[in-house]
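The structure appears right after this line, and notes come after that.
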Ligand SMILES: [Zn+2]
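Here it is as structure tokens:
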């Protein structure tokens, strides 16, 4: 699939699934990679700890669960609309950068 068309297709599909993501293609040695980046709100029943002096914090089970489900759902959507399935070990060269707001 043409890279520009692929970017648009993925952005649109994720938008209809409720995700406002940044979709980019790799350059150089990462040429074949498609990267999806977005931040999601924490779980509504979040009990993540406060950040420590280094800015890190414990991620609660609810947020871990939400993160896993969102990551899997985005991956499935991207695979479905792009037909990217190979190589299997790299999830079709799809990288998902998912963070919490
Ligand atoms: Zn949490």
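Numbering (the working numbering), first residue to last: 47 to 147. Where is the CB? At the ideal position from N, CA and C, for every residue including glycine. Just so it is clear, the structure is predicted and the values come from calculations on it, not from any experiment.
Nearest-angstrom Cα separation, counted from residue 83 out to residue 54
Locating residue 54 in the chain shown gives position 8, where the first residue counts as 1. Locating residue 83 in the chain shown gives position 37, where the first residue counts as 1. One C-alpha to the other measures close to 14 Å.
Where do the N-terminal and C-terminal ends of the alpha helix (DSSP H) with residue 85 fall, by residue?
If you number the chain shown from 1, residue 85 lands on position 39. Per DSSP, residue 85 belongs to no alpha helix (DSSP H); it is in the beta strand (DSSP E), 80–86.
Any idea what DSSP makes of residue 115, helix, strand or coil?
Here residue 115 refers to the residue found at position 69 of the chain shown. DSSP places residue 115 in helix when its eight states are reduced to three.
Report the three-state DSSP secondary structure of residue 56 (helix, strand or coil).
Looking up residue 56 in the chain shown gives position 10. If DSSP states are grouped into helix, strand and coil, residue 56 belongs with the helices.
Inter-stretch contact (C-beta, 8 Å, three-pair minimum) for the segment 68–85 and the segment 102–110:
no
Out of 92, 126, 64, which one is the CA nearest neighbour of residue 140?
For this step, residue 140 is matched to residue 94 along the chain shown. The candidate whose alpha carbon is nearest that of residue 140 is 126.
Less than 9 Å separating the beta-carbons of residue 128 and residue 86?
In the chain shown, residue 128 corresponds to position 82, counting from 1. In the chain shown, residue 86 corresponds to position 40, counting from 1. Against a cut-off of 9 Å, the Cβ pair of residue 86 and residue 128 comes out as no contact.
What does residue 120 pair with, by DSSP beta-bridge criteria?
Numbered from its first residue, the chain shown carries residue 120 at position 74. Note: residue 120 sits in no beta bridge, so no partner.
Please report the residue range of the beta strand (DSSP E) in which residue 129 lies.
For the purposes of this step, residue 129 is taken as the residue at position 83 of the chain shown. No beta strand (DSSP E) holds residue 129; DSSP gives it neither H nor E.
Keeping to the same chain, check which residues put their C-beta closer than 6 Å to that of residue 95; ignore five residues upstream and five downstream.
As a first step, residue 95 must be located in the chain shown, where it is residue number 49. Excluding residues within five positions, the ones whose Cβ falls inside 6 Å are 103, 104.
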